[in-house]
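What follows is a single structure, written as structure tokens, with notes after it.
In the working numbering, the protein residues as written are 6 to 720.
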């Protein structure tokens with residue numbers, strides 16, 4: 006089946022869930038305290054456009070609606086069944102629905118996998134029913150679904166059904182937490198952002214988080230697909246959808262919980278110990294262009310900013326304020342989130358100076374002083390007249406705004422006209438004061454593509470995320486039709502990957518060499534005489550290291566000697582290393598002592614891979630030495646990676662300047678690093694079932710050479 010057909014099939018199946026013509030409500034009740042009664046009321050009060058059929062074994066009528074004992078007796082085809090019944094009735098209701106042609110069902114009942122093994126068995130039975138009868142199931146253990154465009158209030162939660170709806174409904178929301186999702190829906194609605202779709206996936210026995218994202222991406226009424234995620238079950242699908250979303254300029258905005266280190270694990274490699282779940286998700290979101298919301302307010306703020314219909318062209322930002330302190334505070338906030346408060350040119354400052362009082366400041370942030378806020382609000386327009394023509398400015402933030410201007414105010418009309426004719430991204434925000442933070446002209450601004458986000462929703466952070474998203478869209482468009490992955494075939498190395506072992510450095514290096522990754526010249530000596538012979542052949546200075554799969558960390562047994570310049574030094578070092586290793590690890594199987602070329606000083610980096618339970622191979626890149634040991638300055642991407650991913654991994658390091666050359670040092674050849682990253686990615690993609698962890702540490706980079714000085718592979 007092609008990808009296009011697969012998407013069409015999924016969309017068609019979920020269409021019955023989101024746009025049913027007729028709904029059957031199992032467990033319908035006259036008792037106002039029962040879920041079945043709450044569900045019927047929600048559908049009736051919500052103005053559902055289709056027909057509602059209560060299913061009850063005995064009642065003839067509920068809330069003025071004729072009851073039926075089974076879906077088979079209903080006079081027309083039912084598309085969606087809502088099961089307001091306990092766990093003991095769910096299976097029979099599902100089978101009754103499916104046998105009568107129902108294609109989608111919502112299961113509210115709890116008591117499934119969330120309670121343990123017994124519940125897991127019951128949940129597996131639901132999956133079997135879904136597969137056997139080809140019925141799509143939402144839940145169990147969920148709070149349901151809303152489609153606010155057709156009155157489908159498929160929920161029992163008053164928190165969802167009793168919230169006023171705003172006019173614009175263009176953001177979909179899917180959540181793996183029912184209660185937190187409801188709170189987010191309410192918070193958004195209170196900020197004039199009504200989700201067109203709200204979906205609680207519960208235990209995801211059938212319909213998963215990414216399935217709902219897929220539906221929203223392909224729905225022409227939805228401009229943003231957002232959600233709350235605890236753990237993705239189908240990362241490959243989400244990755245594919247994210248690429249498609251970038252091409253469509255339809256953002257996926259996800260709040261991913263679990264930033265703590267609780268998900269990380271101890272491992273033999275640096276990569277394994279640093280690859281906590283959150284680091285992996287963070288890298289995954291960055292490489293796919295998914296916008297990561299830090300909290301629910303980012304979903305609201307980002308949505309309001311994106312729905313303006315314009316994207317920032319860059320991150321050069323100007324702040325216009327009527328308070329110097331407020332301007333400085335916002336400037337600090339901008340810089341902390343990666344927005345650049347750039348210095349305005351002399352020409353631009355002089356032009357602005359001609360239109361504002363002499364006591365005002367033309368330095369960015371532009372301070373109009375209290376005169377603008379109190380006696381001369383028209384001053385807010387003056388800098389804009391010049392800034393819209395400044396080629397170095399991308400974003401203009403108004404941190405205050407006249408509170409009394411409305412759509413009939415000539416100044417506001419001029420403000421809107423200037424904004425609409427410009428390619429600058431213009432945003433209005435205000436200090437959050439109870440009853441004093443919403444200007445009268447907000448609706449007029451938003452209707453004309455100028456977003457307003459109050460300060461308590463952290464608009465600057467969301468704006469920075471919009472800039473990052475805009476850059477991701479540009480990169481995706483630039484890469485259309487461009488081959489961005491390594492296309493190279495390598496020989497079979499399966500015979501080198503001994504199962505369930507930590508390979509020695511020499512064994513690991515041999516595998517790297519098979520993938521054209523340069524390694525040091527080395528020979529394994531089993532006597533000091535051999536060591537001297539090999540050192541003479543390789544050329545001084547040399548390095549000696551213990552070579553043993555049982556000693557992955559050679560420094561712990563004092564098993565390394567550097568910069569050996571004579572035969573006597575080599576012979577002595579051989580004996581010292583061998584004696585120390587056998588004393589500290591008497592049971593270790595020692596292959597010998599590796600004699601290697603002593604590499605000149607260069608820039609040390611680390612490349613690693615770990616096999617993640619959710620994502621599979623995950624690549625790590627960082628600077629070596631203390632940068633990884635102490636500062637943990639590393640970046641992650643989910644394999645397979647592209648050339649752009651490799652470049653981005655280097656760019657996002659805090660110590661990236663070292664790669665560019667500092668203190669008269671020549672910049673290293675980044676293409677060499679990219680080449681190794683792509684080859685490591687290919688190695689893991691080809692052998693992801695055999696390799697558990699991999700570390701190249703250090704990988705030494707020069708102006709025109711790169712060498713893996715040490716390696717560790719765990720199968």
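From the three backbone atoms N, C-alpha and C, an ideal C-beta is built for every residue, glycine too.
So, with DSSP's three-state summary, where would you put residue 322?
Residue 322 sits at position 317 when you count from the first residue of the chain shown. Residue state, collapsed to three classes: strand.
The beta strand (DSSP E) enclosing residue 782, as first and last residue numbers
Shown here, the chain extends from 6 to 720; a query on residue 782 therefore has no answer.
Please classify residue 294 as buried or exposed, where buried requires at least 16 neighbouring CB atoms within 10 angstroms.
Position 289 of the chain shown holds residue 294. With a 10 Å radius around the Cβ and a threshold of 16 neighbouring Cβ atoms, residue 294 comes out buried.
For residue 699: DSSP bridge partner residues:
Here residue 699 refers to the residue found at position 694 of the chain shown. Its beta-bridge partners are 614, 718.
Classify residue 158 as helix, strand or coil using the three-state DSSP reduction.
The residue labelled residue 158 in the question sits at position 153 within the chain shown. It is a strand residue.
Taking 8 angstroms as the threshold (C-beta atoms), are residue 626 and residue 682 in contact?
Here residue 682 is taken as the residue at index 677 of the chain shown, counted from 1. Here residue 626 is taken as the residue at index 621 of the chain shown, counted from 1. In contact: residue 682 and residue 626 (Cβ atoms closer than 8 angstroms).
Could you give the distance in angstroms between the alpha-carbon of residue 328 and the alpha-carbon of residue 338?
For the purposes of this step, residue 328 is taken as the residue at position 323 of the chain shown. For the purposes of this step, residue 338 is taken as the residue at position 333 of the chain shown. So the two alpha carbons sit approximately 15 angstroms from each other.
For a test of the three-state rule: what should DSSP assign to residue 58, helix, strand or coil?
Walking along the chain shown from the start, residue 58 turns up at place 53. Residue 58 falls in the strand class under three-state DSSP.
So which of 609, 347, 647 has the shortest CA-CA distance to residue 633?
Here residue 633 refers to the residue found at position 628 when the chain shown is read from its first residue. Nearest of 609, 347, 647 to residue 633, Cα basis: 609.
Three or more C-beta pairs below 8 angstroms linking the region 474-489 and the region 514-529
No, they do not touch.
Below 8 angstroms on the Cβ atoms is my contact criterion, and I expect residue 446 with residue 414 to pass it. Report the Cβ-Cβ distance as a whole number of Å.
Translated into the one-based positions of the chain shown, residue 446 becomes position 441. Translated into the one-based positions of the chain shown, residue 414 becomes position 409. Residue 446 to residue 414, Cβ: 7 angstroms. Contact.
Using CA coordinates, which residue listed in 122, 67, 200 is at the minimum distance from residue 308?
Working through the chain shown from its first residue, we reach residue 308 at position 303. Considering only alpha carbons, the answer is 200.
Supposed close pair residue 202, residue 177 - CB separation, criterion 8 angstroms:
Within the chain shown, residue 202 is the residue found at index 197, counting from 1. Within the chain shown, residue 177 is the residue found at index 172, counting from 1. The beta carbons of residue 202 and residue 177 sit about 4 angstroms from each other, so the pair counts as a contact at 8 angstroms.
Along the chain, where does the beta strand (DSSP E) containing residue 527 start, and where does it finish?
Taking the first residue of the chain shown as position 1, residue 527 is located at position 522. First-last of the beta strand (DSSP E) with residue 527: 527-530.
Among residues of its own chain, excluding the 5 on either side of residue 419, which ones have a beta-carbon nearer than 7 angstroms to its beta-carbon?
One-based indexing of the chain shown puts residue 419 at position 414. Once the five neighbours on either side are set aside, the close Cβ partners of residue 419 are 386.
Mind checking which residues open and close the alpha helix (DSSP H) that includes residue 582?
What you label residue 582 is simply residue 577 of the chain shown in a count that begins at 1. Run containing residue 582: 572-589, per the alpha helix (DSSP H) assignment.
Determine the DSSP secondary structure at residue 465, reduced to helix, strand or coil.
Here residue 465 refers to the residue found at position 460 when the chain shown is read from its first residue. Helix.
Given this structure, state the Cα-to-Cα distance separating residue 388 from residue 395, to the nearest angstrom.
Start at 1 with the first residue of the chain shown, and residue 388 comes out as number 383. Start at 1 with the first residue of the chain shown, and residue 395 comes out as number 390. Rounded to the nearest angstrom, the two C-alpha atoms are 11 angstroms apart.
Here's a check: name, in chain order, each residue in its chain whose Cβ is nearer than 7 angstroms to the Cβ of residue 503, leaving out the five neighbours to either side.
Sequence index remark: in the chain shown, residue 503 carries index 498 (1-based). Here the set comprises 720.
Report yes or no: is there a C-beta of chain C within less than 8 angstroms of the C-beta of residue 522?
Absent here is chain C; the protein component of the structure consists of one chain.
Would residue 159 pass as a contact of residue 170 if the rule is Cβ separation under 8 angstroms?
Position 154 of the chain shown, counted from the first residue, corresponds to residue 159. Position 165 of the chain shown, counted from the first residue, corresponds to residue 170. The beta carbons of residue 159 and residue 170 sit no closer together than 8 angstroms.
Which listed residue (516, 693, 55, 64) has its alpha carbon closest to that of residue 757:
The requested residue 757 is not part of the displayed model; the chain covers only 6 to 720.
DSSP beta-bridge partners of residue 395:
To locate residue 395, count along the chain shown from 1; it is residue 390. Looking at the DSSP assignment, residue 395 forms no beta bridge with any residue, so it has no partner.
Residue range of the alpha helix (DSSP H) that includes residue 539:
For the purposes of this step, residue 539 is identified with residue 534 of the chain shown, where counting begins at 1. Per DSSP, residue 539 belongs to the alpha helix (DSSP H) from 533-543.
Helix, strand or coil: which one does DSSP assign to residue 710?
Residue mapping note: residue 710 aligns to position 705 of the chain shown, counting from 1. In this structure, residue 710 counts as coil in the three-state DSSP scheme.
Check for me: the alpha helix (DSSP H) holding residue 172 runs from which residue to which?
The sequence position of residue 172 within the chain shown is 167, counting from 1. Unbroken run through residue 172: none, as it is neither H nor E.
Cβ-based burial, residue 435 [other Cβ within 10 Å; buried from 16]:
The residue labelled residue 435 in the question sits at position 430 within the chain shown. Buried is the call here.
Output the distance between the C-alpha atoms of residue 289 and residue 650, rounded to the nearest integer angstrom.
Within the chain shown, numbered from 1, the residue matching residue 289 stands at position 284. Within the chain shown, numbered from 1, the residue matching residue 650 stands at position 645. Cα to Cα, the separation comes out at about 10 angstroms.
Can you tell me the Cα-Cα spacing of residue 522 and residue 242, whole angstroms?
Taking the chain shown and counting its residues from 1, one reaches residue 522 at position 517. Taking the chain shown and counting its residues from 1, one reaches residue 242 at position 237. When the Cα atoms are used, residue 522 and residue 242 turn out to be separated by approximately 31 angstroms.
For the 8 angstroms Cβ check, are there 3 or more pairs between the region 355-364 and the region 397-413?
No, because fewer than three Cβ pairs between the region 355-364 and the region 397-413 fall closer than 8 angstroms, the two stretches do not touch.
I'd like to know whether the C-beta atoms of residue 70 and residue 57 end up nearer to each other than 8 angstroms.
Sequence index remark: in the chain shown, residue 70 carries index 65 (1-based). Sequence index remark: in the chain shown, residue 57 carries index 52 (1-based). Taking C-beta atoms as the reference points, residue 70 and residue 57 count as a pair closer than 8 angstroms.
Element boundaries [alpha helix (DSSP H), containing residue 208]:
Counting from one through the chain shown, the residue named residue 208 turns up at place 203. Per DSSP, residue 208 belongs to no alpha helix (DSSP H) and is neither H nor E.
What runs of the beta strand (DSSP E), each 3 residues or longer, lie entirely inside the region 430-459?
Listed in chain order, they are 430-433.
Buried/exposed call for residue 659, threshold 16 Cβ in 10 Å:
Translated into positions along the chain shown, residue 659 becomes position 654. Around the CB of residue 659, fewer than 16 other CB atoms lie within 10 Å, so the residue is classed as exposed.
Length of the line joining the Cα atoms of residue 673 and residue 474:
Position 668 of the chain shown, counted from the start, is the residue given in the question as residue 673. Position 469 of the chain shown, counted from the start, is the residue given in the question as residue 474. Straight-line Cα distance between these residues: approximately 29 angstroms.
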